[in-house]
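Using the numbering used here, read the sequence shown as starting at 1 and increasing by one per residue.
A virtual CB, placed ideally from N, CA and C, is assigned to each residue, including glycine.
Just below is one structure, and these are the notes that go with it.
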Amino acid sequence: MDKLNIMIVGVGGQGTLLASRILGNVAMKMNFDVKVSEVHGMAQRGGSVVTYVKFAKKVYSPIIEKGEADIILAFEQLEALRWMEYLKNGGSYIINEQRIDPIPVILGKEKYPEGIIGKINGVVNKTIAVDALPIARECGNIKAVNVVLLGVLAKETGIDKEIWMESIKETVPPKLQEINFKAFEAGYGLAV
Numbered sequence: 001m002d003k004l005n006i007m008i009v010g011v012g013g014q015g016t017l018l019a020s021r022i023l024g025n026v027a028m029k030m031n032f033d034v035k036v037s038e039v040h041g042m043a044q045r046g047g048s049v050v051t052y053v054k055f056a057k058k059v060y061s062p063i064i065e066k067g068e069a070d071i072i073l074a075f076e077q078l079e080a081l082r083w084m085e086y087l088k089n090g091g092s093y094i095i096n097e098q099r100i101d102p103i104p105v106i107l108g109k110e111k112y113p114e115g116i117i118g119k120i121n122g123v124v125n126k127t128i129a130v131d132a133l134p135i136a137r138e139c140g141n142i143k144a145v146n147v148v149l150l151g152v153l154a155k156e157t158g159i160d161k162e163i164w165m166e167s168i169k170e171t172v173p174p175k176l177q178e179i180n181f182k183a184f185e186a187g188y189g190l191a192v
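Given below as structure tokens:
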């Protein structure tokens, strides 16, 4: 692997930013030039959050354009649908099956689209759908959904598992490391 463009998309409060820091740390440990760019919507209110993580021998721009993402890691179904055009042909989609209703849906002004994962699967060559919330709960904290998904991502990228574990250890506070290690292992074990 000489370069990788990964988008992490989700909703404010899901841990997308921590996931991008762990991934950026993994890339640095592999001696890549890495650029991480975070785009926040109304994140504190459950709005869209997007992070671009690019690594290669040399990265000139932190932004991933439409059709350039090798992998999109989606923490929520509607966000997966919203960013689909950024995935390149032959790219992989990792989608958390969780549904978080946006404000217009909560207020009854719009309906949440049905069959999102099926729609994406019909267009994308490789879609991995994961119900990460109950797995994170089983590991001891529902906030570890992000690290469950990173475990799936780790397996998909083929990057050495030990590099990921070191990065988690360096990025996550000590009191939460054991839960996050369990969450990562659970996600890693799910991947095909």
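Range covered by the alpha helix (DSSP H) that runs through residue i
i: A19; result: 16–29
i: M165; result: 161–171
i: V11; result: That residue, V11, is in no alpha helix (DSSP H); its beta strand (DSSP E) goes 3–11.
i: I179; result: 174–190
i: I135; result: 132–139
i: K155; result: 145–157
Under 9 Å between C-beta atoms of residue i and residue j
i: I95; j: M7; result: no
i: N146; j: L4; result: no
i: Y112; j: L78; result: yes
i: I116; j: L87; result: no
i: G123; j: V152; result: The question names Gly, but residue 123 is Val in the sequence shown. Not closer than 9 Å, so no.
i: N89; j: N125; result: yes
i: I135; j: L190; result: yes
i: Y93; j: T127; result: yes
i: I22; j: I168; result: yes
i: W164; j: L150; result: yes
i: F181; j: A154; result: no
i: V172; j: A74; result: no
i: T16; j: V49; result: yes
i: K29; j: E166; result: yes
Residue i - partner residues in DSSP beta bridges
i: A80; result: In the DSSP output, where bridge partners are listed per residue, A80 has none listed.
i: E38; result: T51
i: T127; result: Y93
Supposed close pair residue i, residue j - CB separation, criterion 8 Å
i: G140; j: I179; result: 4 Å
i: E85; j: K66; result: 5 Å
i: I159; j: V26; result: 6 Å
i: V34; j: G24; result: 5 Å
i: F32; j: A56; result: 6 Å
i: Q14; j: E76; result: 7 Å
Endpoints, beta strand (DSSP E) assigned at residue i
i: A69; result: 69–74
Worksheet item: Which runs of the beta strand (DSSP E), 3 residues or longer, sit entirely within the stretch 85–114?
Response: Here the runs fully enclosed are 87–96.
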